[in-house]
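**Q** The structure under discussion is supplied below as structure tokens; questions concerning it will follow.
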């Protein structure tokens, strides 16, 4: 294994650990009232540009898990809500990407509660040099849900009209004016999980932004330009950032991965402050992979974290594990480095034992013989044991526990774009680009069940109690949402299918499920809410 020398922008701010208590332990027990993550620095700047002269933490709250060390994502947090905020605050709900929302999901076809807005959300953004109009919401596009202290449930999402929208989840009333991101928004936003009124957002605009939510208007307080480093491929920000205590981790289509110390706090007027410092950044490619694949090494999937290990993957098929033990000091060891052979847009998912599940889809195998051989060797879905020391992505050492081949249907790619959903009973559900929903035994890799849901199944499934919710029938007249009863997860039973969008449209976005209501955007231009 090798040490990568960190490239640091600015000066690393050394501050006290972001903890509640003196032993670097965050109390998140079910009966313990905790103060969520106090600010770390008195030198932060406020959203209005005024220096912070004092700090004050958010209000106290209670959570449902035992204490955990600061900066550590413990096994007990798998499948659980993350942070002190009641809601869905990031793509797939937590750092292991295994929390999907709350139920109960209706047992019969739900009613359409509302559709927003009156006219389609559309915007122009070029593909190459060709102008293109985009409508609705895209991949991954999962709405955020925030149970606010004023009793309202807020739905927050970005769309192809280049705006971030803030709605009352019950009525679709606008709770805040939309925020213009400058270009279309494909990915999922992140709401600060520790109660700071901050929103972390990217788009096809080259700037990754931090927005403050506590003023009269949503306003930008910090940004990172994709060209701040010498990147390659593109300058979009589709990856969903993950926040663990006072650290944020995000990858860009510029083919770099960043670890950012946020230094969150409050000024003497009670307004939120943030003073981000990039403590570590690394290129997502190696010289060997560059020679093999050229410039395509963007990071479109979202970082997953377990214990003090972060995982991300690239469009070049590289799977990277980074040790975060000393990340705040600007040092990180790449302890795992493995090449899967093809484009990985699906986000890595991690179980309670720390095994990681990775899904690729066809790209390089169509044009590169070496990549094609690698894909035939390892398949499109793998379970990896990252305790196996693999320090070179082209090493012959294999960390594969099992592999699954996901063949292509006519006119479709192999593999999947969707992120798999782990089930606590030892199954993983994955929709494929060829149109199958697969249930796979996580111990053996055996496909134990499948059903047809239509091609281009990019939307990721949500498991809520004994119900699985998934988008189906993309680009047909029956595009919509389906629910399965998975009381017996080895034999799911269809409960209902609800048509949503018009002929020729598609649901690429991942639905948010909260209190049994289902919120999802479509390519027909609208956001929908369904419930009983």
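In this note's numbering, the protein residues as written are 464 to 995.
Using N, Cα and C, we set each Cβ at its ideal position, and we do this for glycine too.
Following a CB-centred definition, is residue 788 positioned closer than 6 Å to any heavy atom of the ligand PLP?
**A** For the structure depicted, the ligand PLP is absent and the ligand set is empty, with no information on it obtainable.
**Q** Excluding the five sequence neighbours on either side, which residues of its own chain have a C-beta within less than 8 Å of the C-beta of residue 696, listed in chain order?
**A** 716, 717, 718, 758, 759, 760, 761, 778, listed in sequence order.
**Q** With contact counted as at least three CB pairs below 8 Å, one residue from each stretch, are the segment 690 to 704 and the segment 577 to 594 in contact?
**A** The segment 690 to 704, when compared against the segment 577 to 594, does not touch it at the 8 Å Cβ threshold.
**Q** Taking all protein chains shown into account, decide if residue 899 is buried (16 or more other Cβ within 10 angstroms of its Cβ) or exposed.
**A** Buried.
**Q** For the segment 786 to 851, which segments carrying the alpha helix (DSSP H) assignment without a break, of at least 4 residues, lie completely within its bounds, in sequence order?
**A** Fully enclosed alpha helix (DSSP H) runs of 4 or longer: 832 to 841.
**Q** Does the separation of the CB atoms of residue 927 and residue 542 fall below 7 Å?
**A** Not a contact, by the Cβ cut-off of 7 Å.
**Q** Would you call the CB atoms of residue 838 and residue 821 closer than 7 Å?
**A** It is not a contact, given that the beta carbons lie outside the stated cut-off.
**Q** In chain order, what are the residue ranges of uninterrupted beta strand (DSSP E) at least 3 long that sit wholly in the segment 855 to 927?
**A** If we require 3 residues or more, the beta strand (DSSP E) runs fully inside the segment 855 to 927 come out as 863 to 867, 884 to 886, 890 to 894, 899 to 904, 910 to 915, 925 to 927.
**Q** Hey, could you find the ends of the beta strand (DSSP E) residue 528 is sitting in?
**A** That residue, residue 528, is in no beta strand (DSSP E); it is neither H nor E in DSSP.
**Q** Could you name the residues that DSSP lists as bridge partners for residue 983?
**A** Residue 983 pairs with 991.
**Q** Starting from the Cα of residue 915, find the closest Cα among 655, 710, 935, 825 and give me that residue.
**A** Checked all of 655, 710, 935, 825; the closest Cα to residue 915 is 935.
**Q** How many angstroms separate the CA atom of residue 977 from the CA atom of residue 550?
**A** One C-alpha to the other measures close to 8 Å.
**Q** Is the beta carbon of residue 643 closer than 7 Å to that of residue 666?
**A** No, these two residues do not count as a Cβ contact at 7 Å.
**Q** With DSSP as the reference, label residue 640 as helix, strand or coil.
**A** If DSSP states are grouped into helix, strand and coil, residue 640 belongs with the strands.
**Q** Note the first and the last residue of the continuous alpha helix (DSSP H) segment covering residue 457.
**A** Here the chain has residues from 464 to 995 only, and residue 457 is not among them.
**Q** For residue 689, which residues of its own chain have a beta-carbon under 6 Å away from its beta-carbon, when the five flanking residues on both sides are left out?
**A** So the qualifying residues of the chain are 669, 698, 715, 717.
**Q** Grouping DSSP H, G and I as helix and E and B as strand, with all else coil, what is residue 538?
**A** Residue 538: helix per DSSP, three-state reduction.
**Q** So residue 641 and residue 627 are supposed to be a Cβ contact under 8 Å. How far apart are they, rounded?
**A** Right, the Cβ-Cβ distance comes to about 6 Å (below 8 Å), so this counts as a contact.
**Q** Nearest by alpha-carbon distance to residue 970: which of 980, 952, 958, 991 is it?
**A** The shortest Cα separation from residue 970 among 980, 952, 958, 991 belongs to 991.
**Q** Between 744, 980, 984, which has its C-alpha nearest residue 565's C-alpha?
**A** When each option's Cα is compared against that of residue 565, the closest is 980.
**Q** Beta-carbon within less than 7 Å of residue 586's beta-carbon, same chain only, minus the 5 sequence neighbours each way: which residues are those?
**A** Around residue 586: 597, 623, 624, 625, 647.
**Q** For residue 804, count neighbouring Cβ atoms within 10 angstroms of its own Cβ and tell me buried if that reaches 16, exposed if not.
**A** By the neighbour-count rule (16 or more Cβ atoms within 10 Å), residue 804 is buried.
**Q** Taking its Cβ as the centre, do 16 or more other Cβ atoms sit within 10 Å of residue 917, making it buried, or is it exposed?
**A** Its Cβ being crowded by 16 or more others within 10 Å, residue 917 is buried.
**Q** If I follow the unbroken beta strand (DSSP E) through residue 745, where does it start and stop?
**A** Per DSSP, residue 745 belongs to the beta strand (DSSP E) from 740 to 746.
**Q** Excluding the 5 residues flanking residue 841 on each side, which residues of the same chain have their C-beta closer than 7 Å to its C-beta?
**A** 803, 804, 863, 866, listed in sequence order.
**Q** Are the C-beta atoms of residue 985 and some chain C residue less than 7 Å apart?
**A** Looking at the structure shown, chain C is missing, and only one protein chain is on hand.
**Q** Between the C-alpha atoms of residue 545 and residue 771, what's the straight-line distance to the nearest angstrom?
**A** The alpha-carbon atoms of residue 545 and residue 771 are separated by roughly 15 Å.
**Q** Could you check which residue in 738, 943, 590 has the C-alpha nearest to that of residue 575?
**A** Ranking 738, 943, 590 by Cα distance to residue 575 puts 943 first.
**Q** Identify whether residue 429 lies in helix, strand or coil by the three-state DSSP scheme.
**A** This structure leaves residue 429 out entirely; the chain is present only between 464 and 995.
**Q** Indicate the three-state DSSP secondary structure (helix, strand or coil) for residue 934 in the structure shown.
**A** Note: residue 934 maps to strand in three-state DSSP.
**Q** What residues are listed by DSSP as bridge partners for residue 562?
**A** According to DSSP, which records beta bridges pairwise, residue 562 is partnered with nothing at all.
**Q** Which residue comes first and which comes last in the beta strand (DSSP E) that contains residue 712?
**A** Run containing residue 712: 710 to 714, per the beta strand (DSSP E) assignment.
**Q** Looking at the unbroken beta strand (DSSP E) that takes in residue 724, where does it start and where does it end?
**A** Per DSSP, residue 724 belongs to the beta strand (DSSP E) from 719 to 724.
**Q** Would you check if the distance between the CB atom of residue 679 and the CB atom of residue 734 is smaller than 7 Å?
**A** Not in contact: residue 679 and residue 734 (Cβ atoms no closer than 7 Å).
**Q** Please report the distance separating the alpha-carbon of residue 993 from that of residue 749.
**A** Those two C-alpha atoms are separated by around 46 Å.
**Q** Give me the Cβ distance between residue 961 and residue 572, rounded to the nearest whole Å; I'm assuming they're in contact under 8 Å.
**A** Right, the Cβ-Cβ distance comes to about 5 Å (below 8 Å), so this counts as a contact.
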